[in-house]
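Each remark here refers to the structure printed beneath this line.
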Amino acid sequence: GEDVKRWALPFPVGVRQPMEHWCVAVDKVRYVGEPVAVVIAESRYLAEDAIEGVRVEYEPLPPIIDPERATAEQAPILHEAVGSNVVNERR
């Protein structure tokens, strides 16, 4: 993730919150299927060989698939800079 921060900028986020969305996970994987690594090579074969050396260690978060449970006080916070899992409200 730190390499990504040196070479890229975060994607624009459509809410006014202090959160960043990167092309790959940086510091924390927040959802199933979020990209966690990038391999760049001069050929497909070299890339496939390099993939064999990629190792990711996860510290699992409890899954929250219900929006109301995601806003509960004990729910894991996905973006610590925001302070909660509510990033936008409309009335």
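Numbering of the sequence shown is given in the numbering used here, commencing with residue 324 and proceeding in unit increments.
We treat Cβ as the ideally placed atom computed from N, Cα and C, and that holds for glycine.
Valine 327 sits in a helix when the DSSP states are folded into three classes.
Beta-bridge pairing by DSSP links histidine 344 to Phe334. A straight line joining the alpha-carbon of proline 335 with that of glutamate 325 spans about 19 Å. The distance from the Cβ of valine 362 to that of valine 347 is about 11 Å, inconsistent with a contact at the 8 Å cut-off. Per DSSP, the beta-bridge partners of valine 349 are Lys351.
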